Amino acid sequence: DAKTTQPNSMESNEEEPVHLPCNHSTISGTDYIHWYRQLPSQGPEYVIHGLTSNVNNRMASLAIAEDRKSSTLILHRATLRDAAVYYCIAFRTSGSARQLTFGSGTQLTVLP
Amino acid sequence: DAGVIQSPRHEVTEMGQEVTLRCKPISGHNSLFWYRQTMMRGLELLIYFNNNVPIDDSGMPEDRFSAKMPNASFSTLKIQPSEPRDSAVYFCASSPGQAGANVLTFGAGSRLTVL
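Respectively, the protein sequence lines represent chains A and B. Per the numbering used here, the very first residue in the first sequence carries number 33; after that it's consecutive. Per the numbering used here, the very first residue in the second sequence carries number 222; after that it's consecutive.
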């Protein structure tokens, strides 16, 4: 199973960029790297995902290392509403239940 | 689209009672996932279905837990009998295909408290 490792917590100042790292050294070639975030008292919501190439969407950017053993979620300008737990997961089609389980994520605090 | 709909949002019950949690996935999504979130164990997958068929239930904690998906628009997670350690937030998620290339959309969750 492609286990992921993230820092427990990070802090950022409002309107500054945030780089959230994730290690997935056991990732396989067919694992997609997904990022979700969970705001207080809400269900997780999708942020971004990718396989090999860097990805951009309206919420964030995903930078994937060339060897795919790590990735970084980039929030270009953090706002107070971005304070949440961010989860990085390596999803494989037909993965096992254990492989589809989220880790503990990174608690992002945004300071005004 | 109304998103993934879960009910009830909150349930308080006594130990030994049967609990049924319900989920309506997004129309057209053919994969459905049941997750449980606790402080101790984080967000763990209990079971997932593809085209209404259970694919992997190895995350189901014990025989007291069962899940069904009788059709593409409805799933239930049942706990019988319930115990205090089952207290958690239970999330349902759906996906247009199997996880990987496809992303998951989560419901708002059902918060269960077993006294």
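Just so it is clear, CB atoms sit at the ideal spot from N, CA and C, and this is done for glycine as well. The structure presented is a predicted model; accordingly, all values stated were derived computationally and were not measured.
Check, Outcome
"Quick check: the stretch 69-83 of chain A against the stretch 244-254 of chain B, are there 3 or more CB pairs under 8 Å?", "no"
"Given a cut-off of 8 Å on the beta-carbon distance, is the pair residue 303 of chain B and residue 233 of chain B in contact?", "no"
"With H, G and I counted as helix, E and B as strand and the rest as coil, what does DSSP make of residue 107 of chain A?", "strand"
"Would residue 334 of chain B pass as an interface residue toward chain A - the criterion being a Cβ-Cβ separation below 8 Å?", "no"
"Do you know offhand how far residue 100 of chain A's Cα is from residue 120 of chain A's?", "13 Å"
"Which chain B residues are close to residue 81 of chain A, counting only those with a beta carbon under 7 Å from its beta carbon?", "324"
"Find out if the Cβ-Cβ distance for the pair residue 116 of chain A, residue 71 of chain A is shorter than 8 Å.", "yes"
"Quick one: what's residue 82 of chain A bridged to in DSSP?", "A:65"
"Anything in chain A within Cβ reach of residue 309 of chain B, meaning under 7 Å, just list it in chain order.", "Residues of chain A passing the Cβ test: none, with the nearest at roughly 13 Å."
"Strictly under 8 Å for the Cβ-Cβ distance: is residue 232 of chain B near chain A by that measure?", "no"
"Mind listing the chain A neighbours of residue 265 of chain B? Cutoff is C-beta to C-beta under 8 Å, in chain order.", "133 and 134"
"Assuming residue 331 of chain B and residue 264 of chain B make a contact with CB atoms under 8 Å, what is their CB distance in whole Å?", "In fact, because the Cβ distance is near 14 Å, the residues do not count as touching under 8 Å."
"If residue 281 of chain B sits next to residue 268 of chain B, beta carbons under 8 Å apart, how far is it from one beta carbon to the other, in whole angstroms?", "6 Å"
"Quick check on this structure: which residue in B:290, B:312, B:277 and B:262 has the alpha carbon closest to the alpha carbon of residue 228 of chain B?", "B:312"
"Counting only the same chain and skipping the five closest in sequence on each side, list residues whose C-beta sits under 7 Å from that of residue 7 of chain A.", "Residue 7 of chain A lies beyond the stretch modelled for chain A, which goes from 33 to 144, so this question has no answer here."
"Check each residue of the stretch 234-246 of chain B: if its Cβ is closer than 7 Å to any Cβ of chain A, include it; give the result in chain order.", "none"
"Anyone know if the C-beta pair for residue 40 of chain A and residue 139 of chain A falls short of 8 Å?", "yes"
"Indicate whether at least one CB of chain B lies closer than 8 Å to the CB of residue 153 of chain A.", "Limits of chain A in this structure are 33 at one end and 144 at the other, which puts residue 153 of chain A out of reach."
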